[in-house]
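This report concerns only the one structure given below.
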Amino acid sequence: MERTIFHRIIAHELPADIVYEDGDVVAFKDIRPKAPTHLLFVPKQYVASIAELTPETAHIPGMLILKAKEFATAHRIDGYKLVYHVGRGGGQEIYYLHLHFLSQEKMVEEGAKN
Ligand code: AMP
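Residues 31 to 144 (our numbering) make up the sequence shown, in order.
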């Protein structure tokens, strides 16, 4: 299996603006943001694409959505869009499953909370 750029980011081999990390997921800012807040939620367990899901990995997209929802609450983002690009025709460029989190609102950065 070819390692993607996201393999290298979650292994901390490549720099990224990581905004959240736990045992299951890494979230970082998209390098070419298409909204004031544009994050990517990437699971630590590798799956190439929604198109490659199996019954064993079907929980992962829901887990990413839950992490995104918790992140939004913690950073006071009320409205957002969650998107999976699937396959070339669906606009998927990187074959490591990831959830796009887009919001017209700016996230409240850590330390700015009161
Ligand atoms: P997709 O089209 O769903 O495969 O989305 C891939 C996304 O990854 C695009 O929105 C890119 O801007 C973003 N991207 C590519 N390389 C990096 C990187 N090194 N750090 C952060 N985001 C990246």
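C-beta atoms are modelled at their ideal positions from N, C-alpha and C, and glycine is treated no differently.
Indicate the three-state DSSP secondary structure (helix, strand or coil) for residue i in the structure shown.
i: H37; result: helix
i: I80; result: helix
Got a sec, what are the start and stop residues for the alpha helix (DSSP H) residue i sits in?
i: I95; result: 89 to 104
Quick check on residue i: buried or exposed, where buried means 16 or more other Cβ atoms within 10 Å of its Cβ?
i: V55; result: buried
i: T67; result: buried
i: I61; result: exposed
i: I35; result: exposed
i: H89; result: exposed
With residue i as the anchor, note down where its beta strand (DSSP E) starts and where it stops.
i: K59; result: 55 to 59
i: P73; result: 67 to 73
i: K111; result: 111 to 113
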